[in-house]
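Trainee: Residue numbers (our numbering), protein chains in the order written: chain A, 97 to 360; chain B, 97 to 360.
The beta-carbon is built from N, C-alpha and C at its ideal position, and this holds for glycine as well.
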DNA sequence: ACAATAGTGTCTCTGAGACAATATTGT
DNA sequence: ACAATATTGTCTCAGAGACACTATTGT
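#1: Tell me whether the stretch 267-276 of chain A and the stretch 225-238 of chain A touch, counting them as touching only if at least three CB pairs, one residue from each stretch, are closer than 8 Å.
#2: Please state whether DSSP places residue 321 of chain B in a helix, a strand or coil.
#3: Please confirm whether any heavy atom of the ligand MG lies closer than 8 Å to the CB of residue 284 of chain A.
#4: Taking the alpha-carbon positions, what's the residue 219 of chain A to residue 287 of chain B distance?
#5: Please determine, among B:279, B:165, B:200, the residue with the shortest C-alpha to C-alpha distance to residue 217 of chain B.
#6: Which residue's Cα is closest to the Cα of residue 253 of chain A: A:230, A:232, A:212, A:304?
#7: Would you mind telling me which residues of chain A sit closer than 7 Å to residue 201 of chain B, beta carbon to beta carbon, in chain order?
#8: Pull up the DSSP beta-bridge partners for residue 284 of chain B, would you.
#9: For residue 124 of chain A, count neighbouring Cβ atoms within 10 angstroms of its own Cβ and tell me buried if that reaches 16, exposed if not.
#10: Hey, is residue 225 of chain B's beta-carbon within less than 9 Å of any beta-carbon in chain A?
#11: With DSSP as the reference, identify every bridge partner of residue 122 of chain A, one or two as the case may be.
#12: Return no unless some Cβ of chain A is closer than 9 Å to the Cβ of residue 117 of chain B.
#13: When DSSP builds the beta bridges, which residues end up paired with residue 238 of chain B?
#14: Check the DSSP bridge columns for residue 151 of chain B and list the partner residues they point to.
#15: Interface residues of chain B around residue 195 of chain A at Cβ under 8 Å?
#16: According to DSSP, which residues form a beta bridge with residue 272 of chain B?
#17: Less than 9 Å separating the beta-carbons of residue 130 of chain B and residue 291 of chain B?
#18: Excluding the 5 residues preceding and the 5 following residue 346 of chain A in the sequence, name in chain order all residues of the same chain whose CB lies nearer than 7 Å to its CB.
#19: With a threshold of 8 Å on Cβ separation, who are the neighbours of residue 224 of chain A within its own chain once the five nearest residues in sequence on each side are excluded?
#20: Contact between the stretch 146-156 of chain A and the stretch 151-170 of chain B: three or more CB pairs below 8 Å?
#21: Any residues in the stretch 201-218 of chain B with a beta carbon nearer than 8 Å to a beta carbon of chain A? Which ones, in chain order?
#22: Look at the alpha carbon of residue 341 of chain B and the alpha carbon of residue 262 of chain A, and state the distance between them as a whole number of angstroms.
#23: Does DSSP classify residue 257 of chain B as helix, strand or coil?
#24: What are the partner residues of residue 177 of chain B, as DSSP defines its beta bridges?
#25: For residue 169 of chain B, count neighbouring Cβ atoms within 10 angstroms of its own Cβ and tell me buried if that reaches 16, exposed if not.
#26: Given that residue 121 of chain B touches chain A, what residues does it touch there, using C-beta distances under 8 Å?
#27: Let me know the secondary structure DSSP gives residue 344 of chain A once reduced to three states.
#28: For residue 297 of chain B, tell me which candidate among B:282, B:264, B:284 has the shortest Cα-Cα distance.
#29: Quick one: Cα of residue 250 of chain A to Cα of residue 348 of chain A, how far?
#30: Between the Cα of residue 164 of chain B and those of A:132, A:204, A:294, spot the shortest distance and give me the residue it belongs to.
#31: Just to confirm my understanding: we take residue 133 of chain A, look at its own chain, exclude 5 residues before and 5 after, and list those with CB closer than 7 Å. What are they?
#32: How would you label residue 155 of chain A, buried or exposed, when you count the other beta carbons within 10 angstroms and need 16 or more for buried?
#33: Is the CB of residue 360 of chain A under 9 Å away from at least one CB in chain B?
#34: From B:138, B:330, B:337, pick the residue whose C-alpha is nearest to that of residue 221 of chain B; which is it?
#35: Apart from the five residues on each side of it in sequence, which residues of its chain come closer than 6 Å, Cβ to Cβ, to residue 242 of chain A?
Structure follows, in structure tokens:
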């Protein structure tokens, strides 16, 4: 960024940041992972008012003047999952983190006008979280529920809306970005990858066609040479191992089935 | 949003919003339009420090406690373009406005830590803007330059980065959303629509294939029955008029040509 | 008259999806 | 032995792109 011109020094010295009606900025994280074949979201039980004792997305105030938004999101994720140690650092380094959107309705927080920058995190199966400083508890919860029941868990503030937006985003993103591998360990099989897509999309995919299609996308996955130690849960040959390839864009994309509805 | 529980009233009364290091929230708008077959962006010349006299994206501080982010973006766009009147309201109502992303590096503004929520606006050819309250001037500038020269105009803060992100977003968005019509008047021809795609993508498109493809996407455009009053600039039959259809998603999408490069 | 342009037709190739077939494994 | 599963093969159809063609218009 260009430095201020010399004749602006005087103006800047007289500038009072506290002269305006205050706005707070928080960073909230929608951390998603796959557990037992279903999509789960990291939630914390609030230890402080407002809404003490209720479930919310992990997050907290931006450290003003100290950190960037991305940094704050990574810090909140590490704090609220209790993953600090050097062993945990490698686990966290494999997490994909991207900005989701910003929410700023004046009445979304009873304390004051709070603008919240929401982040989306895709993680491989992480251990059960330890509650952070301002959380009474932290746990992985199913991100969706069965049809007929509410779409997402009951959350404070507008966090249910943020979670719904996150799910919409991740479903679309898996079509044209190789991010499904972020939900898996370094080595995985094509059926593992299919399980990710089926959990996120909530749709059954044809095993044969999925297999051929994944291998047909250049740079999506690379074979490692090893195979799984055992076949499927109820039999079958041992699947080959793959790792994430260098592609950043899936071309051609893996489109969700049944997208040819009239006009959505 | 759920109301605070009765036992939280006391806590909220004692809450002091000014107790934290202050952060400011601004809303900046990347307003794009098509002028003379080229993509243009709305810029303002700053009338106040910092960076007085230099060009920037239109924007301003969020009115804390009063307005939502979307509202603030629409307000800034109206203020900085000078489009207030009732006739202008209809013009502004056709503008597509969506959130682009949020930028919050601690040193991106010399005054203090400023978190900026950037919005993207697609507009039909609007009149030349009148400078707003805190702008010395406002004008449409070419959004891109010829190859070899800088990609985007020289802007203050991190606005060049924001503009670059906006261009990336709009190029991708035109592939699967019917937003190209937001750059055109209510009635347009297929060649008009093709001009939008060519300006945004910076690529020449095959007229015949483009024509057939647009008509093959259900709900993209609807024929009005009228035709253009004259043919092309140097001859040719009069093109039929169309208006935007009810589709919100292009299926199948209009993909950019040459996307089958090795691994981008 | 001439060149440019709107709109349509045709052909080929790629890729998606339905379905089948085969080999390999867990129970 | 049997059922489940990984992987590959085959067939068909939709759609993208290259190219050609006709009709209509501005200069």
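Mentor: Judging by the given coordinates:
#1: With the cut-off at 8 Å, the stretch 267-276 of chain A and the stretch 225-238 of chain A do not touch.
#2: Strand.
#3: Looking for the ligand MG in the displayed structure turns up nothing, as the structure carries no ligands at all.
#4: Take the alpha-carbon of residue 219 of chain A and the one of residue 287 of chain B: they are about 46 Å apart.
#5: Of the listed residues, the one whose Cα sits closest to residue 217 of chain B is B:279.
#6: Of the candidates A:230, A:232, A:212, A:304, A:212 places its Cα closest to the Cα of residue 253 of chain A.
#7: Those within 7 Å of residue 201 of chain B in chain A are 164.
#8: Paired residue(s): B:338.
#9: Buried: at least 16 other Cβ atoms inside 10 Å.
#10: Between residue 225 of chain B and chain A, the shortest Cβ-Cβ separation is not below 9 Å.
#11: A:157, A:212, per the DSSP bridge assignment.
#12: With 9 Å as the cut-off, residue 117 of chain B counts as an interface residue toward chain A.
#13: Residue 238 of chain B is bridged by DSSP to B:136.
#14: Answer by DSSP bridge pairing, in chain order: B:141.
#15: Within chain B, the residues near residue 195 of chain A are 197, 198.
#16: Partner(s): none; residue 272 of chain B has no beta bridge.
#17: Yes, they are a contact pair.
#18: Hits under 7 Å: 272, 273, 274, 313, 316.
#19: Contacts found: 235, 236.
#20: Three or more Cβ pairs closer than 8 Å define a contact, and the stretch 146-156 of chain A falls short of that threshold against the stretch 151-170 of chain B.
#21: Against chain A - using a Cβ distance shorter than 8 Å - the residues of the stretch 201-218 of chain B are 201, 202, 203, 204, 206, 207, 208, 209, 211, 213.
#22: Distance from the CA atom of residue 341 of chain B to the CA atom of residue 262 of chain A, rounded to whole angstroms, is 28 Å.
#23: Three-state result, residue 257 of chain B: helix.
#24: The partner list for residue 177 of chain B (beta bridge, DSSP) is empty, contrary to what the question assumes.
#25: By the neighbour-count definition (other C-beta atoms within 10 Å, threshold 16), residue 169 of chain B is a buried residue.
#26: Neighbours of residue 121 of chain B on chain A, chain order: 119, 121, 200, 211.
#27: Here residue 344 of chain A carries a coil assignment [DSSP, helix/strand/coil].
#28: Cα-wise, what sits closest to residue 297 of chain B is B:264.
#29: If I take the Cα positions, the gap works out to 37 Å.
#30: For residue 164 of chain B, the nearest C-alpha among the options comes from A:204.
#31: Excluding sequence neighbours, residue 133 of chain A sits near 291, 295.
#32: When all chains shown are included, residue 155 of chain A counts as buried.
#33: Here residue 360 of chain A scores only 47 on pLDDT, less than 50, and its place in the model should not be relied on; the value that follows carries that caveat. So yes, residue 360 of chain A belongs to the interface.
#34: Cα-wise, what sits closest to residue 221 of chain B is B:138.
#35: In this prediction, residue 242 of chain A scores a pLDDT of 49, lower than 50, which makes its location untrustworthy; the coordinate-derived value is nonetheless stated afterwards. Excluding its 5 nearest sequence neighbours in each direction, residue 242 of chain A has no C-beta neighbour in its own chain below 6 Å.
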